[in-house]
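Only one structure is covered here, and it is reproduced in the block below.
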Amino acid sequence: MTKRLPDEIASAFDFQAKACRDLASPFTAALCETLAAGLDERSAFGRRISSWGPRAKADALALRACGALHFLARSGKAPGLAAVYPPHALDEARLAREIARAIEAHDEFLAGFLDRPPQTNETGRSSVILGGALIVAAATGLPLETFEIGASAGLNLHFDRYGYDLRIGAFGDPSAPLRLACDWRGAAPPLDAPLKIVSRAGCDVDPLDPGDAEHRARLLAYVWPDQDARLARMETALALAALHRERVERADAGDWLAARLAAPPPPNVARFVYHTVVWQYLPLETKRRATAALEAAGAAASRAAPLARLQMEADGDTRSAALTLTLWPGGESFALGRADFHGRWIEWSGAVSPRLA
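Under this note's numbering, think of the first position of the sequence shown as 133, with each following residue one higher.
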């Protein structure tokens, strides 16, 4: 009898299926369920997934597997698989058959694709980053030096270069090639704050280059196939990022922050550290080093050289992420509200007017 997936692995796929349904991707939910029901150890792809172990959920194994199949479907090398992907109507029985055929024909490629972690780099999250940056700019009256950990291809390094259509107002250049729409609920951020970015930098353990065709294809493969607006937004953001010089550094987030924040801060500039849906994937030791680096830099912060940290991170609710801003000197933290993981909506908890200690 062929061995099916262990319970802990199947559970990780079921968890991801629920999250996909909550985030309006019924196709990816069905894909996760199909894989959980149909994978076994007869293929290298199935064996790798089956033997992943207790980190299956933390390593986003289901999203790795879905990304591998989406990459293959988009590549033109598996027309039968592409024919059961959106925009074609979902037929779960046919989807299962074509996945089996794709695994048989492209087993080595699919198994190898699992080596690298998912790279979402969702530009819709830039609406959250903008809101936090505007609060810091208003509170400090200073330009910002920005640092992003888990920056992937660096698309959200350019948050101030996008245009925004928010339900409570607009921001940015009306003619910007990429305009982000967000259903912003609650109080408005200070849209009139003088936001100026003097430098921007990011790190990732496996950064992607927006100017590289293979890297672009990999990033697009992680966008859920039945979400056309996200795919179009990603393609535009990649084209814009390729025009700029900023490239994400390959580094551990803890080491990178420690080195960056240990450097003397420029006077009359606020340092702004942010991360979106990455903290849960970091090893414990990386989190420890990153936290220690932020606390040390915060202890040395002053009104002339303040430090801020914006977090958009999961907290157990599969439907949305928690938003938190911490500002030094003082180290006071503010709960800003919640946001859809892909930036479709933001619930701002109220007017936040932090004061420096």
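All residues carry an ideal CB built from backbone N, CA and C; glycine is no exception.
Because the structure is a prediction, the values reported are computed rather than measured.
Can you tell me where the beta strand (DSSP E) holding residue i begins and where it ends?
| i | result |
| --- | --- |
| His407 | Ala402 to Thr408 |
| Glu173 | Element bounds for Glu173: n/a, residue is neither H nor E. |
| Gly469 | Glu464 to Ala471 |
| Val268 | First-last for Val268: Ser258 to Thr272, but that is the alpha helix (DSSP H), not the beta strand (DSSP E). |
| Trp480 | Trp477 to Trp480 |
| Leu298 | Gly295 to Leu298 |
| Gly318 | Arg311 to Gly318 |
| Ala302 | Gly301 to Phe303 |
In whole angstroms, what separates the C-alpha of residue i from that of residue j?
| i | j | result |
| --- | --- | --- |
| Ser183 | Arg248 | 16 Å |
| Ala349 | Tyr296 | 26 Å |
| Ala278 | Leu351 | Inspection of the sequence shows that residue 278 is occupied by Thr rather than by Ala. In a straight line, the C-alpha of Thr278 is about 23 Å away from that of Leu351. |
| His474 | Thr255 | 8 Å |
| Tyr294 | Arg311 | 6 Å |
| Thr166 | Ala200 | 14 Å |
| Arg362 | Val355 | 7 Å |
| Gly273 | Phe147 | 44 Å |
| Ala190 | Ser434 | 37 Å |
| Gly462 | Glu367 | 41 Å |
| Leu266 | Ser284 | 23 Å |
| Leu372 | Pro309 | 8 Å |
| Ser307 | Arg257 | 20 Å |
| Ser259 | Asp305 | 14 Å |
| Leu393 | Cys152 | 36 Å |
| Val380 | His290 | 12 Å |
So which of the options has the shortest CA-CA distance to residue i?
| i | options | result |
| --- | --- | --- |
| Ala156 | Leu287, Arg476, Ser481 and Arg233 | Arg476 |
| Glu280 | Asn253, Arg293, Ala271 and Leu274 | Asn253 |
| Arg382 | Leu340, Thr408 and Pro357 | Leu340 |
| Leu389 | Arg403, Gln251, His376 and Pro218 | Arg403 |
| Val216 | Ile141, Arg226 and Ser207 | Arg226 |
| Glu417 | Arg392, Gly386, Ser307 and Phe145 | Gly386 |
| Glu224 | Phe159, Pro461 and Gly334 | Phe159 |
| Asn288 | Pro322, Arg136, Val401 and Leu262 | Leu262 |
| Ile478 | Asp154, Leu327, Leu137 and Met444 | Met444 |
| Leu163 | Pro218, Val337 and Ala424 | Pro218 |
| Pro342 | Ala369, Ala436 and Asp292 | Ala369 |
| Ala168 | Ala190, Gly448, Ser307 and Cys198 | Cys198 |
| Thr456 | Arg179, Tyr406 and Arg421 | Tyr406 |
| Gly244 | Ala432, Arg180 and Asp139 | Arg180 |
Classify residue i: buried if its beta carbon has 16 or more other beta carbons within 10 angstroms, exposed otherwise.
| i | result |
| --- | --- |
| Ala345 | exposed |
| Val330 | exposed |
| Arg299 | exposed |
| Ala302 | exposed |
| Met133 | Bear in mind that a pLDDT of 39 at Met133, under 50, signals an unreliable position, so the model cannot answer this. |
| Arg470 | buried |
| Pro321 | buried |
| Gln359 | buried |
| Arg187 | exposed |
| Pro438 | buried |
Looking at the secondary structure, which residues open and close the alpha helix (DSSP H) in which residue i lies?
| i | result |
| --- | --- |
| Ile231 | Glu224 to Phe245 |
| Arg332 | Per DSSP, Arg332 belongs to no alpha helix (DSSP H); it is in the beta strand (DSSP E), Ile329 to Asp336. |
| Asp191 | Where Asp191 is concerned, there is no enclosing alpha helix (DSSP H), given that its DSSP letter is neither H nor E. |
| Trp184 | Segment: none, Trp184 is in no alpha helix (DSSP H) and carries neither H nor E. |
| His347 | Ala345 to Ala353 |
| Lys419 | Leu416 to Ala431 |
| Thr368 | Asp360 to Leu375 |
| Leu340 | Segment: none, Leu340 is in no alpha helix (DSSP H) and carries neither H nor E. |
| Trp388 | Ala385 to Ala394 |
I'd like to confirm the pairing. Which residues does DSSP put opposite residue i in its beta bridges?
| i | result |
| --- | --- |
| Glu140 | In DSSP, Glu140 forms no bridge with anything. |
| Ala440 | Phe404 and Leu459 |
| Cys152 | None, per the DSSP bridge assignment. |
| Ile281 | Cys335 |
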